[in-house]
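Line order of the protein sequences matches chains A and B.
Each residue of the first sequence is one higher than the one before, counting from 0 in numbering that gives the first Met the number 0.
Each residue of the second sequence is one higher than the one before, counting from 0 in numbering that gives the first Met the number 0.
Protein chains: 2
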Amino acid sequence: MVFDRAILSKIDSELENYVEKDTNLYNASKHLLFAGGKRIRPYLSVLTYLLKRDDISEVLAPAISVELIHNYTLIHDDIMDNDDERRGKPTVHIVYGEPTAILAGDLLYAKAFEALSNIGDSKKALEVLKVLSKACVEVCEGQTDDMEFENEFPTLEEYLSMISKKTGALIVAPIEIGAIMAECSSEEREALYNYAKRIGMTFQIQDDVLDLIGDQKTIGKPVGSDILEGKKTIIVIHAIENLPNDKKERLLQILGNKNASKEEIAEAIVILSDSIEYVKDIMKNATNEAKECLKIFDSERRKNLEKVADFIIERIH
Amino acid sequence: MVFDRAILSKIDSELENYVEKDTNLYNASKHLLFAGGKRIRPYLSVLTYLLKRDDISEVLAPAISVELIHNYTLIHDDIMDNDDERRGKPTVHIVYGEPTAILAGDLLYAKAFEALSNIGDSKKALEVLKVLSKACVEVCEGQTDDMEFENEFPTLEEYLSMISKKTGALIVAPIEIGAIMAECSSEEREALYNYAKRIGMTFQIQDDVLDLIGDQKTIGKPVGSDILEGKKTIIVIHAIENLPNDKKERLLQILGNKNASKEEIAEAIVILSDSIEYVKDIMKNATNEAKECLKIFDSERRKNLEKVADFIIERIH
Chain A
0 MVFDRAILSK
10 IDSELENYVE
20 KDTNLYNASK
30 HLLFAGGKRI
40 RPYLSVLTYL
50 LKRDDISEVL
60 APAISVELIH
70 NYTLIHDDIM
80 DNDDERRGKP
90 TVHIVYGEPT
100 AILAGDLLYA
110 KAFEALSNIG
120 DSKKALEVLK
130 VLSKACVEVC
140 EGQTDDMEFE
150 NEFPTLEEYL
160 SMISKKTGAL
170 IVAPIEIGAI
180 MAECSSEERE
190 ALYNYAKRIG
200 MTFQIQDDVL
210 DLIGDQKTIG
220 KPVGSDILEG
230 KKTIIVIHAI
240 ENLPNDKKER
250 LLQILGNKNA
260 SKEEIAEAIV
270 ILSDSIEYVK
280 DIMKNATNEA
290 KECLKIFDSE
300 RRKNLEKVAD
310 FIIERIH
Chain B
0 MVFDRAILSK
10 IDSELENYVE
20 KDTNLYNASK
30 HLLFAGGKRI
40 RPYLSVLTYL
50 LKRDDISEVL
60 APAISVELIH
70 NYTLIHDDIM
80 DNDDERRGKP
90 TVHIVYGEPT
100 AILAGDLLYA
110 KAFEALSNIG
120 DSKKALEVLK
130 VLSKACVEVC
140 EGQTDDMEFE
150 NEFPTLEEYL
160 SMISKKTGAL
170 IVAPIEIGAI
180 MAECSSEERE
190 ALYNYAKRIG
200 MTFQIQDDVL
210 DLIGDQKTIG
220 KPVGSDILEG
230 KKTIIVIHAI
240 ENLPNDKKER
250 LLQILGNKNA
260 SKEEIAEAIV
270 ILSDSIEYVK
280 DIMKNATNEA
290 KECLKIFDSE
300 RRKNLEKVAD
310 FIIERIH
């Protein structure tokens, strides 16, 4: 799907308002923020708002708050993971050094809540504050779980709980924020929450799938990076729980072996092929359920959110 | 001065509400938070609130938000500065590793705003949100300025601007928050702001003085640490601007020399003695002005805030 350019341009202008200064700290904060992100999170706030309203100016500030939070988490994650590149560019700590990168993340964090403080209606502001601060807590908890999975094998349930916090929280929050700003009814908010939970899950799983069967150029990293790093994605967890012993043992030999050859990576991907099909089915079902949740909204107005649900599992990066 | 124990205990209980979980991440977040901080920031919110009100329950959540922010900044600062100890205990990143320490700070950051979301009155919540998010931005900017001063010599004006952001912002914010919660008039809020700016300044300067003439045991670090590190405190800046050339040159030889002997440190402190007296005068005047600002409040109710102003420049740690 092609995102609406007029909306994306308003989102970018709104973002620029919060990081206007031209100092080393602000430039570090802008380095990743304007390096070609898809803006799917603020876009979701706007599309949700448009289910009930027409003029989006009121929703822009809370919409971009989630993008600011998302970018702070990426900057800090890259430090924690010692990653040198993101979106084809050197990471913030590589360019500006680690102390400034920590601060650049901390600044975006503050700016996200400054954006909320510009909501005109105090009742809406307070509701949005509850949603965003809760999401920020969940992201920290989810990131910790993800790090702890490096030393243990999560169950499918534990994995789904981890991604619902680490990735899902910042997909659910912008949709809830759009709903609050548009004054959706509690029935509408529940429907949107159920839609959001499902696309939040498919968003992370599609990332896991793309790592295995995506194109190196479009995903911006070598195919099979997750296998080299030994990441316990849903695909790996399903495989370990279902493969015959010989294949399972072979997979565990390759998984997390930093010296694995390209041939071994390819072999692991073949071993994982049934599990890839399995998660594709999960995603298809979740996408259909997500679209079903939207049925209570006007059929014209809900079209873009339906498209987003499809886009998430069809995207190639 | 002795802080009111009943108030301190309510502050600690309120803090505990936000970090109840017993996980590695939460334990990392609690490591410094419950390591004997003075709680001066939430205490200032409460004392300000008590200028006009009696039951403090409403102000506790916003009061502790500033303590949570303060602690997140300490955890991240210790990573940036590579400091191994604080308050006589190993720092969070030494005990839990750097990735978990970054996340522990990020979690406290989220919890601070979660605390604000528990303010019952949405209009007050929105005003407090403006104050706290602005303070968080200032802290990041001030910390950056402080790091940049390592490579240049700030003017007195630049130094005062840096400390008003780095240290002052989190002294001014809790006082403004207390004033908002107590529904102070704009005249009262202005008076409190002027009080806060002054004690925020004396708070940092007294830290700088204690580093030179404090007692190692009570300040928790070797006397003259700032000289070894080459910190450009207000005392050093005043000295450089006013010393005769020979003394200035000798000071610059010792300042920032990590191998300086105890005798050389002592020599530098003697060279700085006139400047120490100079900043003590600045602090006395600022303290008197701060107390003068409070004159519009009831003489009984303002007593504790007057005592805090005196305490800040009389404290020995």
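Here a beta-carbon is modelled for each residue, glycine too, at the ideal position from N, C-alpha and C.
Keep in mind the model is a prediction, meaning the values are calculated, not measured.
Below 8 Å on the Cβ atoms is my guess for residue i versus residue j; work out the distance and round it to an integer in Å.
{"i": "I176 (chain B)", "j": "V65 (chain B)", "result": "7 Å"}
{"i": "P98 (chain B)", "j": "M161 (chain A)", "result": "P98 (chain B) to M161 (chain A), Cβ: 16 Å. No contact."}
{"i": "T143 (chain B)", "j": "L102 (chain A)", "result": "6 Å"}
{"i": "P173 (chain A)", "j": "S260 (chain A)", "result": "With 8 Å as the limit, P173 (chain A) and S260 (chain A) do not qualify as a contact, their Cβ atoms being about 41 Å apart."}
{"i": "L211 (chain B)", "j": "I275 (chain B)", "result": "6 Å"}
{"i": "A60 (chain A)", "j": "I6 (chain A)", "result": "Wrong, their Cβ atoms sit about 14 Å apart, outside the cutoff."}
Against residue i, what residues of chain B qualify as contacts under a CB-to-CB distance less than 7 Å, listed in chain order?
{"i": "K133 (chain A)", "result": "E113"}
{"i": "L102 (chain A)", "result": "C139, Q142 and T143"}
Going along the chain, which residues of its own chain have a beta-carbon closer than 6 Å to the beta-carbon of residue i, five neighbours each way excluded?
{"i": "Y71 (chain A)", "result": "G104, L107 and Y108"}
{"i": "G255 (chain B)", "result": "G229"}
{"i": "K37 (chain B)", "result": "none"}
{"i": "I179 (chain A)", "result": "K123, E126 and V127"}
{"i": "K246 (chain B)", "result": "I270"}
{"i": "K29 (chain B)", "result": "V18"}
{"i": "R188 (chain A)", "result": "A178"}
{"i": "I264 (chain A)", "result": "G223 and I226"}
DSSP on residue i, reduced to helix/strand/coil?
{"i": "P89 (chain A)", "result": "strand"}
{"i": "E299 (chain A)", "result": "coil"}
{"i": "E140 (chain A)", "result": "helix"}
{"i": "E84 (chain B)", "result": "strand"}
{"i": "L31 (chain A)", "result": "helix"}
{"i": "G199 (chain A)", "result": "helix"}
{"i": "S163 (chain B)", "result": "helix"}
{"i": "S319 (chain A)", "result": "It is not possible to answer for residue 319 (chain A), since the shown part of chain A is limited to 0 through 316."}
{"i": "A172 (chain A)", "result": "helix"}
{"i": "D77 (chain A)", "result": "helix"}
{"i": "I55 (chain B)", "result": "coil"}
{"i": "H316 (chain B)", "result": "coil"}
{"i": "L319 (chain B)", "result": "Because chain B here runs from 0 to 316, residue 319 (chain B) falls outside it and cannot be looked at."}
{"i": "E182 (chain B)", "result": "coil"}
{"i": "R188 (chain A)", "result": "helix"}
{"i": "D206 (chain A)", "result": "helix"}
{"i": "L49 (chain B)", "result": "coil"}
{"i": "P41 (chain B)", "result": "helix"}
{"i": "T22 (chain A)", "result": "coil"}
{"i": "K294 (chain B)", "result": "helix"}
{"i": "F2 (chain A)", "result": "coil"}
{"i": "G177 (chain B)", "result": "helix"}
Below 9 Å on C-beta distance, what does residue i contact in chain B?
{"i": "N23 (chain A)", "result": "T143 and E147"}
{"i": "L271 (chain A)", "result": "What L271 (chain A) touches in chain B: nothing, since even the nearest Cβ is about 28 Å away."}
How would you list, in chain order, the residues of chain B whose beta-carbon sits under 8 Å from the beta-carbon of residue i?
{"i": "M79 (chain A)", "result": "E97, P98, I101 and L102"}
{"i": "H75 (chain A)", "result": "I101, L102 and D105"}
{"i": "L319 (chain A)", "result": "There is no way to answer for residue 319 (chain A), as the model of chain A reaches only from 0 to 316."}
{"i": "L128 (chain A)", "result": "F112, L115, S116, A124 and L128"}
Considering only residues of the same chain and omitting the five flanking positions on each side of residue i, which have a CB-CB separation below 7 Å?
{"i": "I63 (chain A)", "result": "I10, E13, L14, P41 and A114"}
{"i": "K289 (chain B)", "result": "Looking at the sequence provided, one finds Ala at residue 289 (chain B) rather than Lys. Excluding sequence neighbours, A289 (chain B) sits near Y194, R197, I198 and A308."}
{"i": "K257 (chain A)", "result": "L227"}
{"i": "I311 (chain A)", "result": "I198, T201, F202 and Q205"}
{"i": "V94 (chain A)", "result": "H30"}
{"i": "C135 (chain A)", "result": "I68"}
Mind listing the chain A neighbours of residue i? Cutoff is C-beta to C-beta under 7 Å, in chain order.
{"i": "K110 (chain B)", "result": "V136"}
{"i": "L191 (chain B)", "result": "Per Cβ cutoff of 7 Å: no residues; L191 (chain B) is ~20 Å from chain A at best."}
For residue i, return the contacting residues in chain A, with the cut-off set at a CB-CB distance below 8 Å.
{"i": "S121 (chain B)", "result": "S121, K122, A124 and L125"}
For this session: Quick one: which unbroken alpha helix (DSSP H) runs of 4-plus residues sit fully inside the region 225 to 251 of chain B? Chain order, please.
Result: 233 to 241
For this session: Starting from the N-terminal side, write out each stretch of the alpha helix (DSSP H) that is 4 residues or longer and does not extend beyond the region 99 to 155 of chain B.
Result: 121 to 147
Exercise. Unbroken beta strand (DSSP E) runs of length 3 or more, entirely within the region 244 to 288 of chain A: which are they?
Worked result: none
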